[in-house]
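Shown next, in structure tokens, is the structure this report addresses.
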Amino acid sequence: MVTLSGISPSIPKRGEVWLVNFDPTIGAEIKKTRPAIVLSSDAVGRLPIKLVAPVTDWKDYFASNIWHVRIDSDPSNGLSKISAVDVLQLRGMDRQRFIKKIGQVTPTILEEIVLAVAAVVEYH
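For the sequence shown, counting from 1, position 66 maps to 52 in this note's numbering; every step adds exactly one.
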């Protein structure tokens, strides 16, 4: 498989942080190449599609939003600054959009992200 970057990545796994190409976009959709957290189960799906939540810069006013999950940078997640996972911008992405793996989130952070998704879709 060849990606948009011309590199052939390994298969993204749940909880990993990858650089993902989100372009092209329309309107207020999150843009450009940026980190994203893989949320979909490794056992689900036949197509080369993974459900991801994009990562953006942390803003203090995000703290009151149920759809933003704060992630502090550390060597294991590969992020370079305090960031936010935006679960309102979940997207199914073809593996060709995945550029490279940069890290892994902790099980605690992954659980916080999943709980934020559940809150946004009003799952009880």
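Heads up, the beta-carbon is just placed ideally off N, CA and C, and yes, glycines get one too.
On a predicted model such as this, the values are computed, not experimentally measured, just so you know.
| Check | Outcome |
| --- | --- |
| Starting from I99, trace the alpha helix (DSSP H) both ways and give me its first and last residue. | 93 to 106 |
| Is A49 helix, strand or coil by DSSP? | helix |
| Along the beta strand (DSSP E) that carries P40, what are the first and last residues, could you check? | 35 to 43 |
| Buried or exposed for K36, going by 16 or more other Cβ atoms inside 10 Å? | buried |
| Taking only three categories from DSSP, how would you classify V73? | helix |
| Once you ignore the five residues that flank S62 on each side, which residues in its own chain have a CB closer than 7 Å to its CB? | G89, Q90 |
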